[in-house]
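Take a look at the structure below.
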Amino acid sequence: MTIKEAVTVVVQHGQDILVVRRHPALASFPGYWAFPGGKVDKADGDVPARVGTWCEAHEPRQLQALIRELGEEIGFDLDAAVARGEVISLHAFGHALTPAIVPVRFDTVFFRLELSVRPPIELDTGEVDRYRWATPAQLHAEYLDGQLLLAPPTSAAIARLAAGEGGAGSEAVTLDNNDKERLPIIQAIWGLREIPVRSNTLPPALHTNCFILGDDGAHRVLVDPSPWNDDELEELIKVVTPLGIDELFLTHHHPDHCERADVIARRLGLGIALSADTAGRIAQRTPRFFDGIAQRRVGDGDVVTHWLGRPVRALAVPGHDEGQLALMPDDRAWCIVGDLIQGIGTVVIHKPEGHMGRYFRSLERIIALAPKVIVPSHGIAMGTTFRLEETLRHRRLREASVLELHRAGQTIDQMLAAIYRDLDPRLLPLARENIETHLEKLREEGLVTS
59 MTIKEAVTVV
69 VQHGQDILVV
79 RRHPALASFP
89 GYWAFPGGKV
99 DKADGDVPAR
109 VGTWCEAHEP
119 RQLQALIREL
129 GEEIGFDLDA
139 AVARGEVISL
149 HAFGHALTPA
159 IVPVRFDTVF
169 FRLELSVRPP
179 IELDTGEVDR
189 YRWATPAQLH
199 AEYLDGQLLL
209 APPTSAAIAR
219 LAAGEGGAGS
229 EAVTLDNNDK
239 ERLPIIQAIW
249 GLREIPVRSN
259 TLPPALHTNC
269 FILGDDGAHR
279 VLVDPSPWND
289 DELEELIKVV
299 TPLGIDELFL
309 THHHPDHCER
319 ADVIARRLGL
329 GIALSADTAG
339 RIAQRTPRFF
349 DGIAQRRVGD
359 GDVVTHWLGR
369 PVRALAVPGH
379 DEGQLALMPD
389 DRAWCIVGDL
399 IQGIGTVVIH
409 KPEGHMGRYF
419 RSLERIIALA
429 PKVIVPSHGI
439 AMGTTFRLEE
449 TLRHRRLREA
459 SVLELHRAGQ
469 TIDQMLAAIY
479 RDLDPRLLPL
489 ARENIETHLE
499 KLREEGLVTS
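Using my numbering, the letters of the sequence shown correspond one by one to residues 59 to 508.
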């Protein structure tokens, strides 16, 4: 797997540092708060090395990438600031490596740029949509209150700066522990522990996110454990057992959300919380799944656990699966949406458990509730409801195409060829099901009569 170079820079004036919010439409870390930066391009190595004591300790290509990214993202000209005498110091204080489970990995150097003058900011709104100045202590407190979405190295960098570390002359330390465990625990939101577990899911996804929720001393649940084989099962048990799990929680009945969950429940002596519909479908598919396992029925609005002192409630979000439940705290800081949306791939509406009309209404419900962060079961967390809104918009356009093609007399096979031209052939049967469920919705609404 290729590892690419990247740089990011903490711009500091006085006690404040600059953070920007990555645009929610971006494919990588959408809606995350971060520092300006990006990957080192090949062309960055072709620029002549700069001269001066302020830059002599840094790799020329990394420095050029840093200068280029500052200009592109926030409209700041570092060379001009050096010429004006506004740069107090520039030094590397950390580095981080993207975890091995991510298809594209980056080895990122974290720089700290101290300025004597606060620069004006001109955002590239296609890359970042907001910025703010705050002290590291303020940002760290907000993260610990669950109100900031941060990549783990960013939160580690902020914590280090809040502790008064990372100054000029300090050692550049590792800001991640991604390669220390095969199954890392990720907290892009503090207190919401996420473990990407390899599962028997649909391509292009390879993992199902397993979550650990519950304050110290509160009822702690393990959400959607679904390891794909016995080795992954043992690794997951090894990781979660020290955390003191009280119960399993299943968002819905599909195997990539509950495979081997019964084994985990028996091994750890735990019950399983789930909707009545999910329990019935699992029992029908695997009659002995619940043997010796206590069950707790959970419905819309029920409190499942507490996160940072806030109740976390179940929300009924049928459509992809009739019994699917989402999880959201009362302050709407985040929402675990299961397969209502996917960060990798697309949601399939299967029969008999799927229903396109209810799927649309579930999307509309969560959009109206407006949680600050959407957390899917496949892929990373996403800031704002932008991706939900885009999914709903895309589905409406797809439905309009189905209706137009149907009225033109085309068969489902013809629609499949017209709508899904570049789809992986392995996924065509699932795409056909999506067309069929769109047609069923249109019939229910009286827009299709045959």
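The beta-carbon is built from N, C-alpha and C at its ideal position, and this holds for glycine as well.
Keep in mind the model is a prediction, meaning the values are calculated, not measured.
Check                                                                                                                  : Outcome
Delimiting residues of the beta strand (DSSP E) encompassing residue 71                                                : 61-71
Spatial neighbours of residue 357 in its chain, beta-carbon cut-off 8 Å, leaving aside the 5 residues before and after : 333, 334, 372 and 374
Reduced DSSP category for residue 129 - H, G, I as helix; E, B as strand; rest coil                                    : helix
contact_flag[the segment 389-404, the segment 209-225] where n(CB pairs < 8 Å) is 3 or more                            : no
Rounded straight-line distance, which links the Cα of residue 176 to that of residue 146                               : 12 Å
Spatial neighbours of residue 324 in its chain, beta-carbon cut-off 8 Å, leaving aside the 5 residues before and after : 350 and 351
Residue 338 to residue 348 span [Cα, whole Å]                                                                          : 11 Å
Enclosing alpha helix (DSSP H) for residue 199 [first to last residue]                                                 : 194-202
Beta-bridge pairing of residue 75 - partner residues as DSSP gives them                                                : 70 and 192
Supposed close pair residue 65, residue 123 - CB separation, criterion 8 Å                                             : 5 Å
Residues near residue 39 in its chain [Cβ-Cβ closer than 6 Å; skip 5 each side]                                        : In the structure as shown, the chain begins at 59 and stops at 508. Residue 39 is therefore absent and cannot be evaluated.
C-beta contact flag for residue 182 and residue 131 at 7 Å                                                             : yes
For residue 365, the nearest candidate out of 270, 223 and 219 (CA to CA)                                              : 270
Under 7 Å between C-beta atoms of residue 119 and residue 103                                                          : yes
Residue 471 versus residue 496: straight-line alpha-carbon distance, rounded                                           : 14 Å
Contact set for residue 492: own chain, Cβ-Cβ below 7 Å, skip 5 residues either direction                              : 406 and 407
Residue 118 in three-state terms, based on DSSP                                                                        : helix
Beta-carbon separation (whole angstroms), residue 258 vs residue 286, contact threshold 8 Å                            : 5 Å
Reduced DSSP secondary structure (H/G/I, E/B, other) of residue 432                                                    : strand
Contacting residues, own chain, Cβ-Cβ under 7 Å from residue 254 (five flanking each side not counted)                 : 159, 265 and 267
Among 479, 291 and 71, nearest to residue 174 - alpha-carbon criterion                                                 : 71
Beta-carbon proximity check, residue 359 vs residue 233, cutoff 7 Å                                                    : no
Whole alpha helix (DSSP H) elements within the segment 304-331, 4-residue minimum                                      : 313-316 and 319-326
Simplified DSSP assignment, three categories, for residue 338                                                          : helix
Among 202, 309 and 167, nearest to residue 362 - alpha-carbon criterion                                                : 309
Collapsed DSSP secondary structure at residue 187 in the structure displayed                                           : strand
Buried/exposed call for residue 292, threshold 16 Cβ in 10 Å                                                           : exposed
Whole-number beta carbon distance between residue 150 and residue 169, since they are thought to touch under 8 Å       : 5 Å
is_contact[residue 122, chain D] using C-beta, thresh 7 Å                                                              : Considering every chain present, this structure includes no chain D. It has just one protein chain.
Buried versus exposed call for residue 154 [16 or more other C-beta atoms within 10 Å across all chains shown]         : buried
C-alpha distance - residue 416 paired with residue 314, whole-angstrom precision                                       : 22 Å
C-alpha distance - residue 60 paired with residue 414, whole-angstrom precision                                        : 40 Å
Whether residue 73 touches residue 166 by CB criterion (7 Å)                                                           : no
Residue 148 and residue 112 closer than 7 Å at C-beta                                                                  : yes
Minimum length 4: unbroken alpha helix (DSSP H) runs contained in the segment 239-273                                  : none
Residue 107 versus residue 121 - alpha carbon distance                                                                 : 9 Å
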